[in-house]
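Right, one structure below, let's go through it.
Residue numbers (our numbering): 29 to 88.
Laid out in structure tokens, this is it:
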């Protein structure tokens with residue numbers, strides 16, 4: 029199963045990932061990115077390539 033992994037230690041809370049997420053799966057809570065609707069994620073990887081701190085990974 030493929031899934032989105034967010035490293036909260038690396039996340040700077042900029043919100044760039046939330047802005048590009050077409051499935052609206054991500055949100056910023058308490059200053060970090062969280063997958064609020066992971067089942068809606070299309071694994072398009074826009075969030076991963078947009079993240080300036082490299083906090084988002086796709087696990088295969």
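Positions of the beta carbon are idealized from the N, C-alpha and C atoms, including for glycine. As the structure is a computational prediction, the values presented were derived from the model and not from experiment.
Residues of its chain near residue i, where Cβ-Cβ distance is below 6 Å and the 5 sequence neighbours each way are ignored
{"i": "residue 61", "result": "34, 39, 45 and 54"}
{"i": "residue 36", "result": "60"}
Residue i versus the options, residue with shortest Cα-Cα distance
{"i": "residue 58", "options": "70, 47 and 43", "result": "43"}
Supposed close pair residue i, residue j - CB separation, criterion 8 Å
{"i": "residue 85", "j": "residue 30", "result": "Actually they do not touch by this definition, with Cβ atoms about 11 Å apart."}
{"i": "residue 32", "j": "residue 69", "result": "6 Å"}
{"i": "residue 71", "j": "residue 49", "result": "Incorrect: roughly 11 Å between the Cβ atoms, too far for contact."}
8 Å Cβ shell around residue i - same chain, five flanking residues per side excluded
{"i": "residue 63", "result": "32, 34, 53, 54 and 69"}
{"i": "residue 41", "result": "56, 59, 60 and 61"}
Same chain, Cβ closer than 7 Å to residue i, neighbours up to 5 away in sequence not counted
{"i": "residue 82", "result": "38"}
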